[in-house]
Structures are given as C-alpha cells and as structure tokens.
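Participant: Chains as they are written, first to last, in full-length UniProt numbering: chain A, 1 to 730; chain B, 1 to 315.
Note that beta-carbon positions come from the ideal geometry of N, C-alpha and C, so glycine has one too.
I have a structure I would like to understand better, so I am pasting it below and will then ask my questions one at a time.
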Amino acid sequence: MTNEFNRLGKWLSVSMYFFGFILLWEWLRPVKQLTDTEHLYPFLWFIVLSFVLHYFKVKILIRTLFLVSYITAFINILYFELPFLKPDWVILLAENVSTSLTQVFAADWVALSNEFRTILFFILLWLMTYLIHYWLTIRKSIFLFFLITVIFISVLDTFTPYDATFAIVRMVITGFAMLGSLTLYRMADTEQIRLHLGAVWKWLVPLGVIIASSSYVGFAAPKHDPIWPDPVPFFTSYSDKVTGNSGTKKVGYGEDDSKLGGGFANDDTVVLYADAPARHYWKIETKDIYTGKGWRASETTGSIRIDNAMEQRSFSLPASVETNNYKAKVTVKLRAAHIPYPEPSALTRISSGDADYFEMNQTTGKIRSYQDESGQAMVQDYEIEYDYPRYDIDQLKKVNSFEQFGYTSEYMQEFRQLPDIPSRVRELAQKLILGKDNWYDQAKAIEDYFDGPEFVYDRVNIPYPEEEQDYVDQFLFETRRGYCDNFSSSMTVLLRSVNIPARWVKGYTEGTMTSLDGKRVYEVTNNNAHSWVEVYFPNAGWVPFEPTKSFSNSSRFYSSAGAASSANSSVDNTAEQAIAAPAKVEDTPEKPKREVKGSTFGSAFWSEINWKFYVILSALLTLIGLFVYRKRGIWLPRLIVVFYKSQSDDRTFGKAYAALLQELNRYGLKRPEGQTLREYAQFVDNYFYSNEMKRLTERYEQVVYRGDATLPAWEESRELWENLIKKTIA
Amino acid sequence: MSYTEHHPIIEKVLENIDHVIIGKRNIAELSLVALLAEGHVLLEDVPGVGKTMMVRALARSISANFKRIQFTPDLLPSDVTGVSIYNPKEQEFVFKPGPIMGNIILADEINRTSPKTQSALLEGMEESSVTVDGVTRKMEKPFFVMATQNPIDYEGTYPLPEAQLDRFLLKINMGYPEISEEMEVLNRAQYSHPIEDLEPVITLEELKNLQLEAKAVHVDEIIKRYIVELSSRTRTHTSVYLGASPRGSIALMKGSQAYALLKGRDYVLPDDVQYLAPAVLAHRLILKSEAKYEGISTEKIVRDIIARIAVPVQR
Chain A
1 MTNEFNRLGK WLSVSMYFFG FILLWEWLRP VKQLTDTEHL YPFLWFIVLS FVLHYFKVKI
61 LIRTLFLVSY ITAFINILYF ELPFLKPDWV ILLAENVSTS LTQVFAADWV ALSNEFRTIL
121 FFILLWLMTY LIHYWLTIRK SIFLFFLITV IFISVLDTFT PYDATFAIVR MVITGFAMLG
181 SLTLYRMADT EQIRLHLGAV WKWLVPLGVI IASSSYVGFA APKHDPIWPD PVPFFTSYSD
241 KVTGNSGTKK VGYGEDDSKL GGGFANDDTV VLYADAPARH YWKIETKDIY TGKGWRASET
301 TGSIRIDNAM EQRSFSLPAS VETNNYKAKV TVKLRAAHIP YPEPSALTRI SSGDADYFEM
361 NQTTGKIRSY QDESGQAMVQ DYEIEYDYPR YDIDQLKKVN SFEQFGYTSE YMQEFRQLPD
421 IPSRVRELAQ KLILGKDNWY DQAKAIEDYF DGPEFVYDRV NIPYPEEEQD YVDQFLFETR
481 RGYCDNFSSS MTVLLRSVNI PARWVKGYTE GTMTSLDGKR VYEVTNNNAH SWVEVYFPNA
541 GWVPFEPTKS FSNSSRFYSS AGAASSANSS VDNTAEQAIA APAKVEDTPE KPKREVKGST
601 FGSAFWSEIN WKFYVILSAL LTLIGLFVYR KRGIWLPRLI VVFYKSQSDD RTFGKAYAAL
661 LQELNRYGLK RPEGQTLREY AQFVDNYFYS NEMKRLTERY EQVVYRGDAT LPAWEESREL
721 WENLIKKTIA
Chain B
1 MSYTEHHPII EKVLENIDHV IIGKRNIAEL SLVALLAEGH VLLEDVPGVG KTMMVRALAR
61 SISANFKRIQ FTPDLLPSDV TGVSIYNPKE QEFVFKPGPI MGNIILADEI NRTSPKTQSA
121 LLEGMEESSV TVDGVTRKME KPFFVMATQN PIDYEGTYPL PEAQLDRFLL KINMGYPEIS
181 EEMEVLNRAQ YSHPIEDLEP VITLEELKNL QLEAKAVHVD EIIKRYIVEL SSRTRTHTSV
241 YLGASPRGSI ALMKGSQAYA LLKGRDYVLP DDVQYLAPAV LAHRLILKSE AKYEGISTEK
301 IVRDIIARIA VPVQR
C-alpha cells in the first residue's frame, strides 16, 4: 500500500512539474517569436534543472549552487572566450555587473550589457520556477498562474503578431489537467484521506475525458470571425516607427516596394510647394517588375543627361497628342536627391540654382540632381518646363494591339510580364474585359471595377499577405480593402494578365491649394504620396489611369468626335488627404545596429529590444510583485523585526508597537477603532493562547498614558515584541 | 500588576460590601469611584433591588458619620438642613443640625419629596455648605451623597430637573441579581441580616488621603483630548437635544482618575474613560422627542459614540 502510494505520489508530482514546465514554456515561446531568438533551449534547460532540483527536494544551498553554476557556465560560454576555471572572466563579469547596476539606477536601460540582461532573465526564470513549485506543492493551487498565463497569451495573440492558436489549445489541456489534479490533492488534504490508486483513477479518468472532449469540441467548433479588425498591422507599424527600424511605416514616398502591405499613419510633413498652371500629379518613378509581393525596377539600361536650364528635346509625346507648354516652380521642403515632375508630361527644361545637371533613369524615369564637383545634390528650388498633353479618347480607342502599329507582339514585353500569379486573377481580368474590343475600353473597364461597393479604401487595418499569398490576389479576392498600392498594383497586374502593357507609377497627387507668400500654390505633403497606373498606347505614349477608389484621374481627356472635355479635373479634397504609399522617408538615416560582442545568439536576443519584450517583462514582474505582496506575511514581519530590533531611541517603542498593530491587523486580528489596547490585547492573547500581548501592552500603556520614559520600556519589552511579531509570520 | 488587582485599601472596602450585596461588585466600585472623586451618586431602580443596602454597606465600611434621609412628600427643607431651636436654659437659639450634616448621606427616594426640599439637599451637594437662618455652615469633609430614586414614571414622584441631575457625578442602575445570586441573598438573609455584622475597614483619614491620591492620578493630554472628544460628540449627535456640558467632561476625568486609583494605577487608561462614560454622561443628555419615541436610550448613544471615536494609541 505504502509503496503503491509512494509511486503514485511520485508520478503525480512528476506530472505536475511537467505541466508546470509546459505552462512556463508558453511564456517563453512568444519571447522566441517576438524577439527573433532562435535559441531558447538554454533557458528551457535551466527551468528543467530548477524543477528537477525542486522535485528531489534538494536543499536550498545546494540548489542555489547548482543553478548559479549553470548560469555562470552559460554566461561564460556565451560571452567570454576564457576558460571557465580561470578567475579572469569572473572579474570581468563582476565589473560588468557593477557598471550595469549603476546604469539600472540611472534608468539607462539601453546601455545595459547583454551579460547583465541575461543574468536578470535567468533570475526571473528562477523566481518563476520557485513560484510554480510553491503553487504546486505547497498551495496546491495553480489557478492564479493559469489565469495570468491565459490573459498573457490572449493579449499577445491580439496585439502582437504572435499566433497563439495552438498555445491556447496546449494551455487549456495542461491547465485543466493541473487544476483538476490539484483539486484532488487539496480535497484529499482537507478530508485527511490517503489517496490510493483506485481513487486516483476514478478521478483522473473522468477528468481526462472531460478535458479531451471539451478541447475537441472547442477545437472543432466553428469560430466566429473577429468583430474587430486585426490591430497587429497597426501596432507593428507603430513600433517600427518608434524604434526607428528600417521600413518606417509612415505615409510618404519611399524606394523599397518589394513587399507591400500593412497599415499607415498620417504624416503631414510638407514635401514641396508647387506653383503650377495646371492641376496634375507629380511623378517620381515607375517600376516594371511585379514580384508577387510588390514591385521592383529591372536593371537600368542607362540614363539620360539633362543639363541644367538647357532646353531638352529628347522627351516628346507622339505628334498626334495635343500639348500645352507649361512652366512650374517648385520649392522643395523635404529635400531629396530626386526631382518630382508633372504627370503626364514631356519635359523640355529643368533649371535649378542647386544643381549643374540632372540624370533621368531610363528604366524608372526617376530624375536625380547632380553637381559637377560633389556628385549627387539636393535641390531646394527648381523650375520645370514641360509639354502637358490632352488625350483624344477616340484616338486611344483605336488601339487594340501593337501589330496594328507595325510592332512585333514582343514589343514592350517587359511591361506585360507577370510572375506565377493565381489563375483566378487572370480569369477575373478576362471576365472584366469581355465585350471591350480596344485597350482603352478594356483599361477603363478594369479601372471601373475598383469603384464597386465591395472595395473599401482604408490604410490602417491592412494586413501583409501571408507567406504563400500573392499581394494582388489577397486584395482582389480576400480583403478588398486597401489603399493606392493595392488598387494600382491590382490594376497593373490585371492589365498585364490580358496582355496590355502597363506599369506602376509612384509619386504624389496634386496636393491642396494653399497660399504661400501671397501666391496660390499646391501644397504636397507626405499624405499625398500616391501610386497609380500607366498604360502604353503606341499613338499616345504612357497614359495615366487612376484605379484607387475615391481618387480621380486629373489628366485631360477629350473626345475629338464630340465636344472637348477636360475629364475629371476636380479631386475630392478629403480623398487627397488620405493617400498612402508604403515607404520610408528617404533621408531618415538607418540607425546603426548596436555593436555587441559575444556570439550571435546574445546579440540576436537583445538587439531586438522593443516593447514586446517589455510587455513580457512587466507582466512577469507584476506577477512576481503581486506574489511577493500577497506573501508579505512571510517576509514583512522578519523585515520589521530586523528593522526595529537594533534601534533604540525615544520613538522606537511607539513605532514598533504601531508596526505590531499593523501586522496583527494584516494577520487578521482587526482592532475596531473604538477598542482600547487592553481589550485588544486580551483578544490577541486569547487567539494565541498566551499573555505576551497583555504584558507588552501594559508596558506600552505606561509609556503612552503615563508618560514613562520610552527607552527603558523598549529595552525591557523588545523580546516580547519580537515574539509577537514573529507570531504573525504566515 | 494584573488587570483585576485593586488598590489594597479599596479592595478591603469592596470585600466588605461583598458580604452584604451579592453580585453587584461593579455597582460598589462605581459608588466608591464617586466617593473618591468627591462626587455624588444617583442610584436608580425599582424598589427592593438593594439600593439602600448598597449605601448602608458602603457607609458602614467606612468609620464615617452616616446619616439617612427618607424623603417623603411632606418632608420640609429644615428637616434636611437642621433648625435653630430656642434653648430656654441658655436663653438662646441653638442650631440643631439636620441629617445633611454627616459624611455619608443616604438620600432615599429623593424623587418622592417636593422640589423645594430636593433643592435644599442639592444646594448642600453643590456648595458643600447649608444656610440656615442666615448662617452658612460648612459641611464636614468628606461629604458624599448617595441618592436613590424610583423610575420617574411611578406614582407620586417629583422628577429631578435636568439641571440638578447634572450635579450627580454618576447615575447607576442597579438591575436585578442573577438567579444564583438571588438564591445566595436568600441564604444569607435567612437568620440575620449580614449588614448588622459589618465592621468599618477604613478610617476617615484614610479616605481623605485616597481622595487626594485620586486627584494626583496622571491624566495624559491624549486622554484629556479623548474625554473632550467623547463629550463634545454628544453635543452633535443627531438624536441628542442637549449634550454633555463641560461639567460632564470634568466629571468624566475625575471619575476616570478615581477609577484608575481603584484599579491600583496612577495613570488613566482609555479603558477607564470608556468604562465610566455611560454612567457619567448618559444622565446629562436630553434626547430629541423623535429619539425618545424610537426608544433610543441615552446610554446606548454614549456607547455608540465610544465605539465610533478612535482610541488614542500613540502619543
């Protein structure tokens, strides 16, 4: 019987520690994912070691020795290339820790060394393992920890990219198994029964069945879709902004478009003021290769030099296109080395006092400014002359292939290429152009498709595509919610899928009219960053299209057959404010990564310090703080004893007695306000079966009500007082 | 020193009284408190519970000049204070002192006499002197009046005015004895009354010294504040029409001092104040009529206030 009982007890407590380990592991998993750490195993082994020591009831001194040597060995292997048994590195470590401690007091968190952080993390884990041991074997109640774990994981799941789908399942199973078994333990304790195998089975089998069936039902049951939009994209973009990581998710023009997606915050930074005679977009560059996730430019084929203030004849629109020659003055506020220029247009002259010549990239159409001596230069003011076209719709409608203009079908193939895209995208495009026999009508049909009610303009709650997901496919068939990049990319891809040459253009919208130094000018801010589509017509060049919902094409169109119409020249003001492009602001310097000595593991673990880590840390600290506070019965009386015992001045007795009253009150022996000390002492002594409180109180009364000298009274009653305080130790 | 220990001399008196009055040690203690504090006591209860016996036992325990006045409706002030009688032999008026000229006076059933006679006694209590035929005569010291009265709603009584109630340091209700105590009373009264066998245990001189000692008992500032808080709170209580006067505060302090001495201490504890407050303060409060209809007693109000005011536990 005893043997059976012992074996049973062993198995039960082993499984309890195992479940505790699983629960604690759930706390560490997010650390791994959220901080890009590949190596959690040293920490997990540490937890295992700690639990094993607890299980075998190793004396605290030996336990500490084991754990401390594990930590030091780990630190040694990780950060020091010195032999473990040589004392040199210990001295280094001690210095390191002491400087870190001063930094802690200076609240200089960033400067803390990795070694110190690692040690702290170990200590945290140590405390946690002790806590779990305490909950499991002494309190026999894990509910608090379980609840906090569930809260922690669900908060992480909601507000961080951490996906807790399976974590929740694991937690439900381990958590309920623990709760159930501990309840059995507790019941046996209170009822003073010895558990035997039969009783345990009678308990465990239904428990197992309940857990299995409920988790199966929970797992298999249909889940309601979330009511809120996923806040994660917003948070990640915000945290990136805060931490200054690359890929700042602020609205604005940026160069890297290879991975589109995610949400944006407004940015009212003014980019430029333009004094222009016409209302039109400002183009920066185009990109031709769709990657399935975003856009990049193909290898450049060279660039065209444009001399400052010299007339330029190399750009021209086909002769059939009607143009006006305009001149615009631009004042750049957010200085960059590139020159935004009117869209659509053919440049005839750029002049600026800040540059000697300009170069236009032939592939992307991006114009950069240069000085003869110093190379690339930032331009503050420039004047631009350009031919601004009006497109004849009837002419555009004549185009339905390159062959009719004498080009081969391979002509402009780079603007018709696509990666492997889902077939449903092609099928959608085919469906949309059904019955349209020319490129213009086909492009219009695709453009109009995005005006449908199923598409929503939004730039906050936009997810990134999944690993295997196509950016355009996700937008067209799943989210149907997005900003200019979603719309323009989708239209370009749809056009290309039906063999119409198209490219993706980035720049700014015309901005808003404002007054600057008494002149009416267009103010273009980062909020005006935009992307749109250009379609190539052999008889008209690259013609802009505007698929983004709530934006309208400001290019001029007319029908030569009917009355001239300058199409859609007005743009909704509110829409303008809400233009977005994923980008980093160009002149934000990338923060140099902190130089970290030691292995890549250490640096990977700590260089990614961001708010997620602090969430975990503060949750753990709160937990520990709560525990320490709840357990103050253990340490507070001892602390008070140490604090007052050695003191001997005139006020000590009063303070010590007051502390005793407070401790007794915490202990549960409450004194009503109107109760005298003597009555209270009687009450306390009855509770403790002693007369110590009475004796102490009599002495105290003489001090308080008679005016006796405090000091001798304190000297006399110190021992009594200490005994009483110690009685309140839980 | 323990909680139950008494001042040795006082303990002797109390033991003496215990021979006669059974199970009423607290009443005896309170009476002694009033005696030591140089105040007077009003004992109130129905007839036959031992009010008179208590006073007689106390008086007999002290070798003092004990006088008894049985108040009746036809009693005259001169019956209390004494009269000047013409002595034909000496051919002059000779003052024949009334019963008030003693050390311990039992004023039995004080509310049965007319207000005029009551006031003759009360003047003596307050001034420690009586004026007869234009001559003011000082009373002996110590001078201690124990008045008893039947509850006022009984037939043929003249209730004491509130202002005069204030002159009594304490007002005590006797209460019926427990069953076992009453049986013991029967046992003792079977053959002879034990009061007849009582011997004095304390001299007048000793009593005077004790009264001086009581005055010297230390009352700390925090205790004084506590007393003042208690009595001032009676003035703001919602059910009270008229609260305790400063005379009430003084009475509470003096009573507490005497009680501390009785308990063998030379300093006053909040416990002393709390113990005495109902007896000292309750009869000084006048309730609002609403409170009277609700059946709230002044004693309960005092106890409420005690429970609500924080006891000073630190200097």
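Determine the closest residue to A:Tyr283 out of A:Asn528, A:Lys327 and A:Gln312, with distance taken between C-alpha atoms.
Facilitator: Per the sequence shown, the amino acid found at residue 283 of chain A is Lys instead of Tyr. It is A:Asn528 whose Cα lies nearest to the Cα of A:Lys283.
Participant: Need the endpoints of the beta strand (DSSP E) that A:Asn553 sits in, please.
Facilitator: Careful: A:Asn553 lies outside any beta strand (DSSP E) and carries neither H nor E.
Participant: Secondary structure at B:Leu122, three-state DSSP: helix, strand or coil?
Facilitator: Helix.
Participant: Measuring CA to CA, which of B:Glu155, B:Lys208 and B:Glu162 is closest to B:Ser245?
Facilitator: Looking at the Cα atoms, B:Glu162 is the closest of the given residues.
Participant: Do A:Asp470 and the ligand SAM come close, with the Cβ less than 7 Å from some heavy atom?
Facilitator: Ligands displayed in this structure: none; no statement on the ligand SAM is therefore possible.
Participant: Look at A:Ala177 and A:Arg29 and say whether their C-beta atoms are less than 8 Å apart.
Facilitator: Cβ atoms of A:Ala177 and A:Arg29: not closer than 8 Å.
Participant: Give, in chain order, every unbroken run of the beta strand (DSSP E) that is at least 3 residues long and sits entirely within the stretch 255 to 338 of chain A.
Facilitator: DSSP runs (the beta strand (DSSP E)) wholly in the stretch 255 to 338 of chain A: 270 to 275, 281 to 287, 303 to 307 and 322 to 332.
Participant: Is the Cβ of B:Tyr259 closer than 8 Å to any Cβ of chain A?
Facilitator: No, B:Tyr259 does not count as interfacial toward chain A.
Participant: At the level of alpha carbons, what is the spacing between A:Ala337 and A:Pro465?
Facilitator: Their Cα atoms are separated by approximately 32 Å.
Participant: Spell out whether any CB of chain A is found under 8 Å from the CB atom of residue 330 of chain B.
Facilitator: Residue numbering for chain B in the displayed model covers 1 to 315; residue 330 of chain B lies beyond these limits and cannot be assessed.
Participant: Output, in sequence order along the chain, the residues in the stretch 148 to 174 of chain A whose CB is closer than 9 Å to any CB in chain B.
Facilitator: Answer set for the stretch 148 to 174 of chain A: empty.
Participant: Could you tell me if residue 731 of chain A is buried or exposed, where buried requires 16 or more neighbouring beta carbons within 10 angstroms of its beta carbon?
Facilitator: Beyond the ends of chain A as shown, which are 1 and 730, falls residue 731 of chain A; an answer cannot be given.
Participant: Smallest Cα separation from B:Arg308: which of B:Gly264, B:Glu290 and B:His237?
Facilitator: When only C-alpha atoms are compared, the closest one is B:His237.
Participant: Are three or more beta carbon pairs between the stretch 262 to 281 of chain B and the stretch 179 to 189 of chain B nearer than 8 Å?
Facilitator: The answer is no - the stretch 179 to 189 of chain B does not touch the stretch 262 to 281 of chain B, with fewer than three Cβ pairs under 8 Å.
Participant: Can you tell me whether DSSP reads A:Arg651 as helix, strand or coil?
Facilitator: Residue state, collapsed to three classes: coil.
Participant: Can the beta-carbon of B:Ile9 be found less than 8 Å from the beta-carbon of B:Leu210?
Facilitator: It is a contact, given that the beta carbons lie within the stated cut-off.
Participant: Going by alpha carbons, who is nearest to B:Thr157 out of B:Phe66, B:Ala59, B:Thr113 and B:Leu58?
Facilitator: Here the closest residue by C-alpha is B:Thr113.
Participant: Would you call the stretch 534 to 551 of chain A and the stretch 303 to 314 of chain A in contact, with 3 or more CB pairs under 8 Å?
Facilitator: Short answer: they don't touch.
Participant: As a quick exercise: from A:Leu669, A:Tyr382 and A:Lys655, pick the residue whose alpha carbon is nearest that of A:Trp714.
Facilitator: Comparing Cα positions, the closest option is A:Lys655.
Participant: In or out: B:Leu281 buried (at least 16 other Cβ within 10 Å) or exposed?
Facilitator: Result: buried.
Participant: In the DSSP assignment, find the beta strand (DSSP E) that holds A:Trp542 and state where it starts and stops.
Facilitator: Here the beta strand (DSSP E) through A:Trp542 covers Gly541 to Phe545.
Participant: Are there three or more Cβ pairs, one per stretch, closer than 8 Å when the stretch 190 to 204 of chain A is compared with the stretch 55 to 66 of chain A?
Facilitator: Counting Cβ pairs under 8 Å, fewer than three are found: no touch.
Participant: Buried or exposed: which applies to A:Thr363, given that a residue is buried once 16 or more other Cβ atoms fall within 10 Å of its Cβ?
Facilitator: Buried, because 16 or more other Cβ atoms sit within 10 Å of the Cβ of A:Thr363.
Participant: Shorter than 8 Å from the beta carbon of A:Ala658 to some beta carbon of chain B?
Facilitator: Yes, its Cβ sits closer than 8 Å to a Cβ of chain B.
Participant: Excluding the five sequence neighbours on either side, which residues of its own chain have a C-beta within less than 8 Å of the C-beta of A:Arg632, listed in chain order?
Facilitator: Result list for A:Arg632: Arg666, in chain order.
Participant: Determine, using beta carbons only, whether A:Gly674 and B:His218 come nearer to each other than 8 Å.
Facilitator: No. Outside cutoff.
Participant: On a CA-only basis, which of B:Ala277, B:Ile17, B:His6 and B:Val185 is nearest B:Ser61? Give me that one, please.
Facilitator: When each option's Cα is compared against that of B:Ser61, the closest is B:Ile17.
Participant: Out of A:Ile211, A:Thr728 and A:Thr165, state which residue places its alpha-carbon closest to the alpha-carbon of A:Lys223.
Facilitator: It is A:Thr165 whose Cα lies nearest to the Cα of A:Lys223.
Participant: Contact criterion: CB-CB distance below 8 Å. Does B:Arg315 meet it with respect to chain A?
Facilitator: Yes, B:Arg315 lies at the interface with chain A (some Cβ there is under 8 Å from its Cβ).
Participant: Taking the alpha carbon of A:Tyr705 as the point to measure from, which residue in B:Ile301, B:Val240 and B:Asp272 has its own alpha carbon closest?
Facilitator: Minimum Cα distance to A:Tyr705 is reached at B:Asp272.
Participant: Let me know the secondary structure DSSP gives B:Lys141 once reduced to three states.
Facilitator: Coil, per DSSP.
Participant: Per DSSP, A:Asn76 is paired with what?
Facilitator: Note: A:Asn76 sits in no beta bridge, so no partner.
Participant: For A:Leu428, which option in A:Ser409, A:Phe475 and A:Gln469 has the closest C-alpha, if you only look at C-alpha atoms?
Facilitator: Of the listed residues, the one whose Cα sits closest to A:Leu428 is A:Phe475.
Participant: To the nearest angstrom, how far is the alpha carbon of A:Thr174 from that of A:Asp420?
Facilitator: For A:Thr174 and A:Asp420, the distance between alpha carbons rounds to 44 Å.
Participant: Would you grab the beta carbon distance between B:Asp108 and B:Gln70 for me? Rounded to a whole angstrom, and I think it's under 8 Å.
Facilitator: B:Asp108 to B:Gln70, Cβ: 5 Å. Contact.
Participant: Leaving out five residues on either side along the sequence, give the residues of the same chain with a beta carbon under 6 Å from the beta carbon of B:Ile104.
Facilitator: Counting only Cβ-Cβ distances below 6 Å, and skipping sequence neighbours, we find Ala59, Ala64, Phe66 and Phe144.
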